[in-house]
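Residue numbers (this note's numbering): 5 to 152.
Using N, Cα and C, we set each Cβ at its ideal position, and we do this for glycine too.
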Amino acid sequence: MKYWLFFSAKIVTAVALFAGIWLTMEALLPDPVMFGGVKLRRFGQDLTWTTAIFGYFLAGAGTLYVIVLDQRYRCRTCLRRLRMPVNSGAWDQMLRIGTPQVEYICPFGHGTLNVKLVHFAGREGDDWREHDDNIWRELESLSGNGRK
5 MKYWLFFSAK IVTAVALFAG IWLTMEALLP DPVMFGGVKL RRFGQDLTWT
55 TAIFGYFLAG AGTLYVIVLD QRYRCRTCLR RLRMPVNSGA WDQMLRIGTP
105 QVEYICPFGH GTLNVKLVHF AGREGDDWRE HDDNIWRELE SLSGNGRK
């Protein structure tokens with residue numbers, strides 16, 4: 005739940021920022037000129053406004069892309085950035101070893117994110133695996149020594 009609230013907060017902040025930018029554009033840019041008694045529209049007929057709206061759209065789309073990309077590489081539990089990328093698979097031996105992928109881990113051991121680098125049939129979702137609260141229990145089970 006915290007993950008989606010943080011995402012929503014970033015989106016709301018971006019919307020508020022771009023609403024302020026729009027109001028600033030309306031205050032600073034001149035109105036389109038009158039031509040033959042007809043007031044021209046802002047977009048498509050006035051070059052200043054058309055360029056400003058184009059830049060506004062590009063900045064908005066870029067901001068949304070960065071927000072989604074940043075959220076994708078965050079821990080679902082503690083919201084920290086995922087770290088320690090580990091590459092697996094091979095590009096030249098996909099059928100034998102497996103498709104190339106990158107695995108990121110939460111610095112506090114909450115889980116791992118497996119991102120596939122090759123998409124054969126559309127976009128495959130990322131695989132988030134949550135770990136136990138006690139990371140040592142998982143490591144001891146993998147060692148097989150049975151130490152206590």
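TODO: Let me know the secondary structure DSSP gives glutamate 61 once reduced to three states.
DONE: The question names glutamate, but residue 61 in the sequence shown is phenylalanine. Reduced to three states, the DSSP call for phenylalanine 61 is helix.
Open item on the list: Using the Cβ count rule (16 or more neighbours within 10 Å means buried), how would you classify alanine 63?
Closed with: exposed
TODO: Going by DSSP, name the residue or residues bridged to aspartate 131.
DONE: Asn118
- [ ] Please work out which residues of its chain come closer than 6 Å, Cβ to Cβ, to aspartate 130, disregarding the five sequence neighbours upstream and downstream, and give them in chain order.
- [x] Leu117, Val119
Open item on the list: If the criterion is Cβ atoms closer than 8 Å, does the pair tyrosine 108 and arginine 87 meet it?
Closed with: yes
- [ ] Return helix, strand or coil for isoleucine 109, following the three-state DSSP convention.
- [x] strand
Open item on the list: In whole angstroms, give me the CA-to-CA distance for arginine 78 and isoleucine 25.
Closed with: 28 Å
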